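To get the working numbering, take the position in the sequence shown, counting from 1, and add 23. Glycine included, C-beta positions come from ideal geometry on N, C-alpha and C. Here the structure is a predicted model, which means the values were calculated and not measured.
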Amino acid sequence: MTIDDIYEQAIQAGPGCTIIKRDIKDAFRIVPVAEDNQHLIAFQWTDSTYVECCLPFGLATAPFLFNLFAEALHWILQCLLPTFHINHYLDDFIAITQSPSVSDPTGLFDEVYNRVTDYLRIPRNTKKDQQGTCVTVPSLYIFQAAFPHGSSARRRIPHELHPSNAATLALAQDAHAHINTNEVDAILQSFLLFSHHWLHHTLVIHTDSSTAHSGLKKGFLHGPSNVPLKSLFILAAARDIHIVPHWLPSGENTLVDALSRPLAIEPPAWFSSRAPQLNDGHLKLLWNGLSANTRSVYLSVQRSYEKHCALQNLSAWPVSRQSLTSWLSSRLLGNANQKAVKPDTALADLAALRAYHIDNFLDDKLFDNKHFRRLIDGARRPNPVTKVRVRNPISRDTITTLSAGLAALPPQPSEMSANILDDLNSATACRVAFAGFIRLGEFAYKTDDLRTRSIFSATKLTRSDVRFSSSLDHAQLTLKRSKTDHRHGGVQIILAKTGDGACPVDALQKLLLLDPKGPRRPIVLLPQKAIQSQQLPLDLIY
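This is the structure:
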């Protein structure tokens with residue numbers, strides 16, 4: 024509600040309409056605080072602790088919380104009094120008759136208003152009651168009788184609005200907001216986008232902005248920066264999010280510095296040499312179109328093909344029917360230089376050669392020719408099917424056995440030895456991967472991956488990707504890169520607390536407590552010792 028809304032309603036009602044203003048007594052003090060939250064507004068005085076049972080007047084979020092109840096009363100009154108315009112400003116309720124012909128509007132309104140407030144046990148402050156054509160609402164006068172509605176007044180309006188009578192104002196200043204306002208607004212924008220994921224949680228905000236940190240700590244700022252800060256606190260209160268600011272010196276804020284730049288994944292020299300006609304930016308985008316592991320496998324196949332073409336005195340690129348048929352036959356049947364490959368391997372080899380064509384703007388329709396699929400099928404038919412060793416699925420009992428050591432861990436991190444830390448990380452990896460159906464490549468990493476921290480933090484699982492619910496009944500894992508997530512938007516995996524020997528939530532809690540690491544570190548660390556087969560259950564060995 025704005026004061027303009029009330030003005031407009033009074034004008035629509037016409038001359039002689041009645042404006043009624045009623046006030047609720049002890050506004051905030053009639054709203055009780057839930058027992059679970061009363062400790063949050065406790066205070067001490069002369070060695071005694073006192074607990075507020077109702078909303079205190081000094082609480083920054085009290086107006087917002089009280090207004091939720093006022094909105095309900097507003098809705099009830101509007102339903103019961105359809106002939107009135109009902110407005111409210113916190114504890115002040117303003118009613119305007121929709122027609123001046125209503126007889127005794129004050130009596131009609133008070134009959135309903137008093138009955139509703141008595142039923143809801145809402146105290147009335149009758150000393151502030153006002154009615155008539157002039158009332159005071161939050162230090163503003165609403166004087167209906169002074170509204171210009173006569174013909175003489177209306178004739179002056181067009182003259183006042185004529186452009187020639189309008190003042191001209193020229194602004195000669197920087198239109199950008201101050202950096203302090205932008206710093207606070209950036210946090211507000213994060214809340215607007217993601218706070219629905221943080222309901223009933225405690226949120227630690229790391230910031231290198233002294234203004235943002237001071238405002239979050241004190242609850243207010245002077246100047247324009249207070250506007251986004253106030254919106255931030257209102258949103259946090261509405262979603263029951265407890266904000267804890269943490270000061271982060273600019274020199275240590277390397278994560279934000281890294282994330283503010285594109286991932287520095289540069290193509291290796293061998294890739295650049297295979298497409299010398301392309302510029303650096305083109306090569307970088309092209310290289311990152313496939314994963315580095317896929318590129319490595321494809322390179323091995325491409326070099327095998329190039330070697331075969333050199334021995335047969337054939338031109339390798341672009342791939343021709345003759346060169347591809349010759350090389351594919353050699354791969355399927357084997358020769359003096361290499362043994363025969365499986366048909367499925369040969370089928371995958373075609374994708375490697377096709378990738379070279381795509382990278383170099385060469386036509387790739389040749390690889391769709393069914394003739395080559397027929398050659399591969401011809402290799403399947405005469406060869407006997409290789410007997411595949413039966414591998415039993417990993418069961419919950421298997422995970423329980425592998426992670427049984429979690430039940431006998433020391434209580435303090437200082438008591439953890441290197442071997443116990445290895446067991447803790449391995450057991451946690453088993454439980455989380457099993458519960459979240461996580462692929463090995465999504466969970467594990469190579470030592471070389473840690474060389475570029477910015478890339479690792481943006482693509483691999485780290486400690487910051489784990490979030491626990493307020494009741495600790497589940498944990499949420501953010502998988503930044505997944506084989507099935509082709510757009511790299513990230514996947515949220517919910518891990519439920521099972522309370523048994525394979526519980527992933529229990530394992531993650533113990534890992535973060537007994538092996539504390541920074542938020543950018545891997546979620547689990549590689550073991551320093553190899554796992555011996557004697558340590559594994561039989562269904563994983565045979």
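Cα atoms of R476 and A259: separation of roughly 32 Å, rounded to the nearest angstrom. According to the DSSP secondary-structure assignment, L226 is paired through a beta bridge with I266. G155 carries a strand assignment under DSSP once its states are collapsed to helix, strand and coil. For I257, the enclosing alpha helix (DSSP H) has its first and last residue at 249 to 261.
Relative to L355, the option among P405, V547, I26 whose CA is nearest is P405.
In this structure K44 is buried. Its beta-carbon is surrounded by 16 or more other beta-carbon atoms within 10 angstroms. Exposure of S71 is indicated by the presence of fewer than 16 other C-beta atoms within 10 angstroms of its C-beta. By the CB criterion at 8 Å, A83 and F256 fall inside the cutoff. The region 360 to 374 and the region 285 to 305 do not touch, with fewer than three beta-carbon pairs separated by less than 8 Å. Counting C-beta pairs closer than 8 Å gives fewer than three between the region 244 to 251 and the region 292 to 299, which falls short of the contact rule. A residue is called buried when at least 16 other Cβ atoms come within 10 angstroms of its Cβ; C40 meets this threshold and is buried. Between A339 and R454, the gap from beta carbon to beta carbon reaches 8 Å or more. Sequence-distant partners of D387 (beyond 5 residues in either direction) whose C-beta falls short of 8 Å from its own C-beta, in its chain, are R377, H380, I381. The Cβ neighbour count for Q32, taken over all protein chains shown within 10 Å, is at least 16; the residue is labelled buried. The beta-bridge partner set that DSSP reports for S71 consists of W68.
With contacts defined as CB atoms closer than 8 Å, R490 and A498 qualify as a contacting pair. Under the criterion of beta carbons closer than 8 Å, L518 and L432 do not qualify as touching, at roughly 19 Å.
The alpha-carbon of A261 is positioned some 55 Å away from that of L322. A buried status is given to P527, since no fewer than 16 other beta-carbon atoms sit within 10 Å of its beta-carbon.
Short of 7 Å from the beta carbon of K48, and not among the five residues preceding or following it, lie these beta carbons of its own chain, in chain order: P146, R147, N148. When DSSP states are grouped into helix, strand and coil, F80 belongs to the coil group. It is roughly 21 Å from the alpha-carbon of L313 to the alpha-carbon of E329. Taken through DSSP and simplified to helix, strand or coil, N90 comes out as helix. For the set D471, W68, Q121, the Cα lying nearest the Cα of Q35 is the one of Q121. Along the length of the region 110 to 142, whole alpha helix (DSSP H) runs at least 4 residues long occupy 128 to 142, reported in chain order. Under the DSSP assignment, K44 falls in the beta strand (DSSP E) whose first and last residues are 42 to 46. Annotation for L473: F479, P545 place their beta carbon closer than 8 Å to its own, counting only its chain and skipping 5 residues before and after. For L500, the enclosing beta strand (DSSP E) starts and ends at 497 to 502. The continuous alpha helix (DSSP H) containing L356 extends over residues 344 to 356. Rounded to the nearest whole angstrom, the CA to CA distance from C102 to G512 is 46 Å. DSSP, reduced to helix, strand and coil, places V364 outside both helices and strands of the structure shown, so it counts as coil. The bridge partners DSSP lists for F491 are A498.
If you compare the alpha carbons of H265, L484, T204, G242 with that of S218, the shortest gap goes to H265. Pairing L500 with I516 gives a Cβ-Cβ distance under 8 Å.
Boundaries for V411: no alpha helix (DSSP H) harbours it, and the DSSP string shows neither H nor E there.
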